[in-house]
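Single-structure report; data block below.
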Amino acid sequence: QVQLVESGGGLVQAGGSLRLACAFSGRTFSSYRMGWFRQAPGKERELVAGLSYTGGNPYYADSVKGRFTISRDSAKSTVYLQMNSLKPEDTANYYCAAALRVQKYEYWGQGTQVTVSS
Numbered sequence: 011q012v013q014l015v016e017s018g019g020g021l022v023q024a025g026g027s028l029r030l031a032c033a034f035s036g037r038t039f040s041s042y043r044m045g046w047f048r049q050a051p052g053k054e055r056e057l058v059a060g061l062s063y064t065g066g067n068p069y070y071a072d073s074v075k076g077r078f079t080i081s082r083d084s085a086k087s088t089v090y091l092q093m094n095s096l097k098p099e100d101t102a103n104y105y106c107a108a109a110l111r112v113q114k115y116e117y118w119g120q121g122t123q124v125t126v127s128s
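For the sequence shown, the working numbering assigns the number 11 to the initial residue and increments by one for each residue that follows.
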């Protein structure tokens with residue numbers, strides 16, 4: 011069973027940076043596509059960034075392109091989301107998710123809150 015544990019959320023001023031981390035365990039990390047989703051109050055959950063199980067083909071939502079970077083460290087079985095130039099509209103609960111190769115995202119972390127003050 012895959013387990014995902016996020017860390018790194020918090021309160022930051024607009025223009026600041028945060029780095030989220032998601033520790034993966036329970037299966038072979040290199041076989042899983044990883045993604046970061048977010049959900050703000052009253053809004054649907056959206057995919058913010060994703061990275062294939064090979065580590066290539068990064069995906070970014072238009073709203074975060076040029077500001078967020080997703081990466082994975084196979085030695086640590088961890089995926090990161092570096093968030094720069096944060097805006098108040100980035101405020102949300104951020105979730106890490108995993109999918110076996112090209113299947114749908116199936117495993118979810120508990121979420122970490124990111125709050126950006128103006």
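Don't be surprised by glycine CBs; every beta carbon is placed ideally from N, CA and C.
Judged by DSSP secondary structure, R43 falls within the beta strand (DSSP E) whose first and last residues are 42-49. DSSP places F34 in the uninterrupted beta strand (DSSP E) bounded by 28-35. K53 and D100 have their C-alpha atoms some 12 Å from each other. Between S41 and R111, the gap from beta carbon to beta carbon is short of 8 Å. A24 counts as exposed, since fewer than 16 other C-beta atoms from the protein chains shown sit within 10 angstroms of its C-beta.
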